[in-house]
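Mapping of the sequence shown onto the numbering used here: position 126 corresponds to residue 139, and the numbering continues sequentially without gaps.
Remarks on the structure that follows.
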Amino acid sequence: MKKTALFSLLVAALMLLPLFFVQAAPAITYLQFGQYPTTQDGRMEPILWKVLQNDAEGVLLLSEFVLDAKAVQDSGRYNGYEYSTLKTWLEADFVAKAFSAGEQALIKQDQGAFAVRLPSVEELRVKDGGFFDAEGVRARPTDYAIAQGVQKYPSGDASYWTSNRASSQPTGQRRVLDKGSFGYAIATYATIGVRPMIVLAQGALQEAAGTGEMQNPFVVSLPEAITAPQETADAGAVNTDEDTATEDSAAAEAAQQAQAAPLLTEGFPELTADGFLKPGEAPYVFKDEENGVWRYASQTLRIVITRQQDVEAKLRWFESQVFFKDGERFQMYPNDPGNRHKMKQMEKIADQHNLVFAVNGDYYIYRVNRRNATKTAVAIGRVARNFKLLYDTNVSPNRTSHPNLDVMALYPDGTMSVHGANEKTTEQLLAMGAMDVLAFGPMLIRDGVINEKGVANFGVTQQPRAGLGMVRKGHFIHLMMESRTSKSKGANTTWMAERFKLLGCDTAFNLDGGQTAVVIFMGEQLNEIGKYDNKTNSRLQNEVMGIGQR
């Protein structure tokens, strides 16, 4: 009898399960609410939201897409998201831009502030009580967010901020990485995405139109907004054709300047439309080692250096965004022009040339010294300095040892090119106008395409790395990956190539790494050198690569 009764109860429970699930299933999936720049040229389009919750507490929404790219903290000391510049921006500027007066009336407020914020890890990740598994956490960026420089992975995902402060790094903020994983970045890093979360008032969706599907999202019925009376024009003030044409021209010019404005201008004093200081202003220098941010601006040069860290992957690296014009360029600076074998600390070489920004080059002198010492046919590759041919040696097509001696050429117009080891001679590159020719490699990206064969065969281990990339004329990026330390295990050239590609480079080249790799700003080395051969200092060099005069 007991078994029969138990069986009957189980059958009854199973019969009730479908009803339970039908009742528990959410009625709303997607909502269209507000608008924000979506296309590359900034055209406003409706924002699509996931409806996560609709109860007595209100309607909780999460943007389907990553909408923008912003630093959590533009500058200064970081005290957490609650006191951040991004929180202020979301509650004020974002709301004003994205929502009409009627839409703003539907957004809940807390102590006078709109309920617009970043999602927390606990709200996102199901194991922490959130709404999504790893697949659901993933989000793609809009074309506008990509244009703002958001970090986009080869999978199509974008990295975006959460509201959680990093526990292992006081200046860091938790973020979503590729494929729904979590990590963190320094809060001042301006290329992490913004995926807003908002709360609407209870009952906001009661009269919504649509089916709630992604293709036919709900659209709310807006309350009537009180509009301010329009000022009537003075009867004596008449707009002439000339006035109208002038206004239209000014508006078009302002729009063109806004579209062409360089990225990463946050944290600087007021800049010109093309992103540099106004004439007559003294150079701007900002150093914040604690938060890992360094900035410089003059009338012809602007630099943003950020120290990045991924604790879960155990990586720490420096990204340097360099914008320049009017004769500024990357070039090689020798320790002693009359004696190319004379070596010195790179900081001192940078200091003697008063360089704003300096990094290492190809360490060609090591191959020269080794050839002279061993009296063997050590390959040196294609090397030129200051328009002068130094070496023009062929490289075996069967070479398997790193580096493969691919070639990078720097030009006086502020551009660069990359080539295979034997594609062009040094003489040919000089004839093309090259000022400096470096041999190391592999080349990482050419014409927007990653050199898959090169990175698969050269520089495959995790080591300290350095490389230079070009987004376009006047915009270079330098990467320096630390290694052999407790904070960073290093990267291979595949990582370097993918990172350069992610940052928008169509051309990129791998320079000497290891103990040679350095980043020097205003005469000070920023990166930490790992232990190698019982040494923790950078190698002595006969030159540095640099840009800008202090």
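Positions of the beta carbon are idealized from the N, C-alpha and C atoms, including for glycine.
- Residue 171 is not a Cβ neighbour of residue 198, given a cutoff of 8 angstroms.
- Cβ-Cβ distances below 6 angstroms link residue 498 to 541 and 543 in the same chain, with the five nearest sequence neighbours on each side left out; the list follows chain order.
- For residue 556, the enclosing beta strand (DSSP E) starts and ends at 556-562.
- Taking 8 angstroms as the cut-off, the beta carbon of residue 166 is found closer than this to the beta carbon of residue 191.
- Fewer than three pairs of CB atoms, one per stretch, sit closer than 8 angstroms, so the stretch 493-508 makes no contact with the stretch 434-449.
- Taking a C-beta distance under 8 angstroms as the contact criterion, residue 163 and residue 206 qualify as a contact pair.
- Contact between residue 449 and residue 398 is confirmed by a C-beta separation of about 6 angstroms, below the 8 angstroms threshold.
- One Cα belongs to residue 455, the other to residue 148, and the distance between them is close to 35 angstroms.
- Per DSSP, reduced to three states, the secondary structure at residue 393 is coil, with no helix or strand assignment.
- Counting only residues of its own chain and dropping the five nearest sequence neighbours on each side, residue 311 has a CB closer than 6 angstroms to the CB of 290 and 296.
- The way I'd put it, the stretch 347-365 doesn't touch the stretch 301-319; fewer than three beta-carbon pairs between them come closer than 8 angstroms.
- Taken atom to atom, the span from the alpha-carbon of residue 517 to that of residue 220 is near 44 angstroms.
- Runs of the beta strand (DSSP E) spanning 3 or more residues and lying entirely within the stretch 350-428 occur at 368-372, 395-398, 401-405 and 419-423, in chain order.
- Shortest Cα-Cα distance from residue 406 to any of 453, 446, 150 and 374 involves 453.
- Residue pairing by DSSP puts residue 480 in a beta bridge opposite 492 and 523.
- Residue 422 is not a Cβ neighbour of residue 557, given a cutoff of 8 angstroms.
- Ranked by Cα distance from residue 52, the options 72, 138, 141 and 158 are led by 158.
- The C-alpha of residue 325 lies about 21 angstroms from the C-alpha of residue 473.
- In terms of Cα proximity to residue 531, the closest of 512, 519, 479 and 508 is 479.
- Per the C-alpha coordinates, the member of 461, 467, 466 and 528 positioned closest to residue 493 is 528.
- Non-local beta-carbon contacts of residue 102 in its own chain, meaning distances under 7 angstroms to residues more than five positions away in sequence, involve 83 in chain order.
- Residue 456 has 522 as its beta-bridge partners, per DSSP.
- Distances from the CA of residue 443 to each of 117, 304 and 396 were compared; the closest alpha carbon is that of 396.
- Counting only residues of its own chain and dropping the five nearest sequence neighbours on each side, residue 214 has a CB closer than 8 angstroms to the CB of 71, 72, 119, 120 and 121.
- Residue 218 sits away from residue 92, with the two beta carbons spaced by 8 angstroms or more.
- Annotation for residue 110: the continuous alpha helix (DSSP H) segment containing it runs 108-111.
- Look at residue 345 here: in three-state DSSP terms it is strand.
- Measuring C-alpha to C-alpha distances from residue 344 to each of 81, 447 and 286 identifies 447 as the nearest.
- Distance from the CA of residue 390 to the CA of residue 525, rounded to the nearest whole angstrom, comes to 21 angstroms.
- In this structure, 522 is the residue among 138, 522 and 177 with its C-alpha nearest to the C-alpha of residue 482.
- Residue burial is scored here from C-beta neighbours: residue 488 has at least 16 other C-beta atoms within 10 angstroms and is therefore classed as buried.
- In this structure, the alpha-carbon of residue 334 lies about 29 angstroms from that of residue 394.
- A straight line joining the alpha-carbon of residue 223 with that of residue 108 spans about 24 angstroms.
- 299 is the residue among 231, 209 and 299 whose C-alpha sits nearest the C-alpha of residue 201.
- Put simply, of 432, 519 and 150 the residue whose alpha carbon is nearest the alpha carbon of residue 461 is 519.
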